[in-house]
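Everything below concerns the one structure shown next.
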Amino acid sequence: MGMRLSPPVKAAAQRLTLPMLVFAAGLLTVLGKGDVLLVDKLRMAVADASSPILQVIARPLSAASAAVATVENIITVYRQNEDLRQDNERLLQWEDVARRLGAENADLRRLVKLVPDQPQSAISARVIADAGGAFMRNVLVDAGAGDGVARGQAATTGEGLVGRVSEVGDRTARILLLTDLNSHIPVTVERTDQHALLDGDNSDRPRLMFLDPRSSVQVGDRILTSGSGGVFPPGLPVGQVAAIENGIVRVEPAAELSRLDFVRLVDYGLGGVLPENAVPPARPAKPARTRTPVEAER
Amino acid sequence: MARVMTPRDTGAPGRIVPFVSTFVFVLVSVVPLQLPGFAAVTPSFALMAVFHWTVYRPDLLPLSAIFALGVLLDLLNGTPFLGLSALTLLIARTVVLMNRRHFINRDFSVLWLVFLALASGAFMFNWALVSALDRRILGTRPFLFEAVLTVACYPVGSYVLARLHRAFLRS
C-alpha cells in the first residue's frame, strides 16, 4: 500500500474495516432486493466469466461421479438386468402403440389440413454449477444467449421437467429448479384432469397447492404441466404424487434433480394468445454447437 | 492481535496462496459434487478455508479479501440475498481471530471441534437472517444437513489446506 499513515490513524482505519464491510454487505443485500436488474446483470457477468473455470472443474467431477455410478451399477447389475428386461418388454409394447397412433395422427392431420406445429428447437447444455443451498435450488448451465437460450425456456431431461431458465448471460444461463422456493408451475393431475400449482419449498418434494379440496388425488398419480398461462406447453411430465400427509400433497419429480449433468433447454415458441401467423419464427441465433431441431411429424 | 509476519518470512508466491486457495474452495463449493446420497447440498468449503487461514495466517487473508470472495460466492450461487455469505464469512473471521490463541497450537481434533462450533453458529446465523429477510420461517432441516456435511468434510478441506500451507509458506 502506498499511503503512509501515522500509526494511530492506521489503527483506527483498521478498526473501521470490519464495520464498513459489514455495512457494505448489508447494502448489497438491500441493493439486491431493490434493483434486481442490475444485480442479475452482475450475476450473469460473473457467471459468464467463471464459466471456463467451472467447466474445467466440472468435467473431472462429472467423470468421477460417472465412475462412482458405474461401480454402483456393477454391484447391482443382476437386479438391474431383470428390471431393464421388464422395462424393455413394456416399452416395446408402447412403441407399437405409439407407431399406430403416429400413423393415425398423420392421417387425421392430412384429413383436416392442419398446419403443422412450429418446429421446436432444443439446446443441450451441461450443468457447471449447482447451488445446492439450504434456501435455493438452481443450477448454472454452460449455454447462454449466444446459443439461443432465453428466459422462460423449459429445462428438461429425458425423464421430465427440471425447471425453467431464470437468467441468461452470454455463455451461461441459470435454471430455477422446480424444487426451489420461488418455483411455481401450473400443473394437472393426469388421471383426473384437475388443475393445481406445483410449489417448490426447497425440499426434495414440492407441494401441490390450490388443489380442489374435494379432489381425489392418490399416491402414484402422474403430474403433468397444464399449459396454463402459456408458461410451459401442456403435457410435459413433471412427477408423481409421492405422499399425502395432513392434506399436503407431495410430488416426487420425475427427473433426478440431484444428479443433473446435461439438460435440454426447449423453446416451445409460446407467444401466449396470438394468431398463428403473428408468432415470429424461431430466433435466428448463431449456429451453436448442439442445436437439434425437433420437428413435428408431418 | 495477530503476530506480525514480516515479508521475509514468506516468499512472494506464498503470499497469494491463502487467497487463491480460498478462491478455488469457493469455486469447488459451487460445482456439483454428485456423490450418491448427497442430495442437493454441498459442504461450505469457503468456511473451511476462511477458518484455516484466519487461524494460521490472518495477515494473508484480510477482511477485504474475505468480503470479495463472499460476494463472489453469492453471485455464483445465484442467491437472491447478495452479501449474505460475505457477512457470514466476515463475522466468522472476526470471531475466530478474537479466540485463535486458545486453539492455535492444539491438535487436529480440537480444531475440528472448534470448527463444529463455528459451522453451527454460521448456519444458525444464515437461517435466522434468511428467515428474517424472506419474512417466513424456513425449515431448519436443510441448514442442519448442510452444517453437518460441512463439518464432516472438514478433515478433507483441512488436509488440502495444510499441505498447501506447508508447501508454500515457511511458517
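Those protein sequence lines, which keep their order, are chains F and Y.
Okay, so the first sequence: first residue is 74 according to the working numbering, each after it adds one.
Okay, so the second sequence: first residue is -11 according to the working numbering, each after it adds one.
Heads up, the beta-carbon is just placed ideally off N, CA and C, and yes, glycines get one too.
Q: With a 10 Å radius around its C-beta and 16 neighbouring C-beta atoms as the bar for buried, classify S124/F as buried or exposed.
A: Here the question's residue 124/F lines up with position 51 in the first sequence. By the 10 Å Cβ count, S124/F comes out buried.
Q) How would you write the range of the alpha helix (DSSP H) that M282/F sits in, first residue to last? A) Looking up residue 282/F in the first sequence gives position 209. Segment 280 to 282 is the beta strand (DSSP E) holding M282/F; no alpha helix (DSSP H) there.
Q | Cross-strand partners of T298/F (DSSP beta bridge) | A | Translated into positions along the first sequence, residue 298/F becomes position 225. According to DSSP, which records beta bridges pairwise, T298/F is partnered with V260/F.
Q) Taking the alpha helix (DSSP H) that I4/Y falls in, what are its first and last residues? A) On the second sequence, residue 4/Y is found 16 positions in, with the first residue counted as 1. Counting along the chain, I4/Y falls outside any alpha helix (DSSP H), and DSSP gives it neither H nor E.
Q: Just the chain Y side, please: which residues come within less than 8 Å of I126/F by C-beta, in chain order?
A: As a position in the first sequence, residue 126/F is number 53, starting the count at 1. Residues of chain Y passing the Cβ test: L15.
Q.
Counting only C-beta atoms, is F208/F closer than 8 Å to chain Y at any point?
A. In the first sequence, residue 208/F corresponds to position 135, counting from 1. So, interface residue.
Q) Using a beta-carbon distance cut-off of less than 9 Å, what residues from the stretch 234 to 266 of chain F approach chain Y? A) S239, E240, R247, L249, L250, T252, L254, N255
Q | Cut-off 6 Å between Cβ atoms - residues of its own chain near V95/F, not counting five sequence neighbours on either side | A | Position 22 of the first sequence, counted from the first residue, corresponds to residue 95/F. If we look at V95/F and ignore the five residues flanking it on each side, it has no Cβ neighbours.
Q) Over what stretch of residues does the beta strand (DSSP E) that includes S239/F continue unbroken? A) Taking the first sequence and counting its residues from 1, one reaches residue 239/F at position 166. Element bounds for S239/F: 234 to 241.
Q) Nearest to G308/F by alpha carbon, out of D285/F, E318/F, Q159/F, D266/F? A) By 1-based counting over the first sequence, the position of residue 308/F is 235. It is D266/F.
Q.
Only counting the same chain, and skipping five residues up and downstream in sequence, which positions put a Cβ closer than 6 Å to that of F103/Y?
A. Your numbering for residue 103/Y matches position 115 in the second sequence. Excluding positions up to five away in sequence, the list reads F39, Y142.
Q: Would you check if the distance between the CB atom of V235/F and the CB atom of L213/F is smaller than 8 Å?
A: Your numbering for residue 235/F matches position 162 in the first sequence. Your numbering for residue 213/F matches position 140 in the first sequence. No, Cβ-Cβ distance for V235/F and L213/F is not below 8 Å.
(Q) Going by beta-carbon coordinates alone, are L78/Y and L100/F separated by less than 8 Å? (A) Residue 78/Y sits at position 90 when you count from the first residue of the second sequence. Residue 100/F sits at position 27 when you count from the first residue of the first sequence. It is not a contact, given that the beta carbons lie outside the stated cut-off.
Q.
Looking at the secondary structure, which residues open and close the alpha helix (DSSP H) in which D253/F lies?
A. Reading the first sequence from its first residue, position 180 is the one you call residue 253/F. It is not in any alpha helix (DSSP H) - D253/F carries neither H nor E in the DSSP assignment.
Q. Do we get a CB-CB distance below 8 Å when we pair N275/F with the residues of chain Y?
A. Start at 1 with the first residue of the first sequence, and residue 275/F comes out as number 202. Closer than 8 Å: yes.
Q) Helix, strand or coil for R287/F per DSSP? A) Against the first sequence, residue 287/F aligns to sequence position 214. Three-state result, R287/F: coil.
**Q.** CB contact flag (I248/F, R237/F, <8 Å)
**A.** Translated into positions along the first sequence, residue 248/F becomes position 175. Translated into positions along the first sequence, residue 237/F becomes position 164. Yes, these two residues count as a Cβ contact at 8 Å.
(Q) By the DSSP assignment, the alpha helix (DSSP H) with F39/Y in it spans what residues? (A) Here residue 39/Y corresponds to residue number 51 of the second sequence, with the count starting at 1. Residues 33 to 44.
Q.
One question on the structure: do T138/Y and V84/Y come within less than 8 Å of each other, judged by their Cβ atoms?
A. Residue numbering aside, residue 138/Y sits at position 150 when the second sequence is read from its first letter. Residue numbering aside, residue 84/Y sits at position 96 when the second sequence is read from its first letter. Not closer than 8 Å, so no.
(Q) Give me the chain F residues within the contact set of L51/Y, using Cβ-Cβ distance strictly less than 7 Å, ordered along the chain. (A) Stepping through the second sequence from its first residue, residue 51/Y is reached at position 63. Going along chain F in sequence order, the residues near L51/Y (Cβ under 7 Å) are T90, L91, L94.
Q: Go ahead and label P1/Y buried or exposed: buried means 16 or more other beta carbons lie within 10 angstroms of its beta carbon, across all protein chains shown.
A: Position 13 of the second sequence holds residue 1/Y. It counts as exposed.
Q. Can you list, in chain order, the residues of its chain whose CB lies under 7 Å from that of F9/Y, leaving out five sequence neighbours each side?
A. Taking the first residue of the second sequence as position 1, residue 9/Y is located at position 21. The amino acid occupying residue 9/Y in the given sequence is Ser; Phe does not appear at that position. Only A37, L149, L152 meet the Cβ criterion.
Q | CB contact flag (D215/F, R244/F, <8 Å) | A | Here residue 215/F corresponds to residue number 142 of the first sequence, with the count starting at 1. Here residue 244/F corresponds to residue number 171 of the first sequence, with the count starting at 1. Yes, these two residues count as a Cβ contact at 8 Å.
Q: Using a Cβ-Cβ cut-off of less than 8 Å, give me the residues of the stretch 192 to 203 of chain F that come near chain Y, in sequence order.
A: V200, I201, A202, D203
Q) Looking at the structure shown, is E329/F part of a helix, part of a strand, or coil, going by DSSP? A) Locating residue 329/F in the first sequence gives position 256, where the first residue counts as 1. E329/F falls in the coil class under three-state DSSP.
Q. Roughly how many whole angstroms lie between the Cα atoms of R81/Y and L51/Y?
A. As a position in the second sequence, residue 81/Y is number 93, starting the count at 1. As a position in the second sequence, residue 51/Y is number 63, starting the count at 1. Using only the alpha carbons, I get a separation of about 8 Å.
Q | Spatial neighbours of D253/F in its chain, beta-carbon cut-off 8 Å, leaving aside the 5 residues before and after | A | Stepping through the first sequence from its first residue, residue 253/F is reached at position 180. M209, R210, N211, G236, G273, N275, listed in sequence order.
Q) Under a three-way DSSP split, which group does Q166/F fall into? A) Taking the first residue of the first sequence as 1, we reach residue 166/F at position 93. Q166/F: helix per DSSP, three-state reduction.
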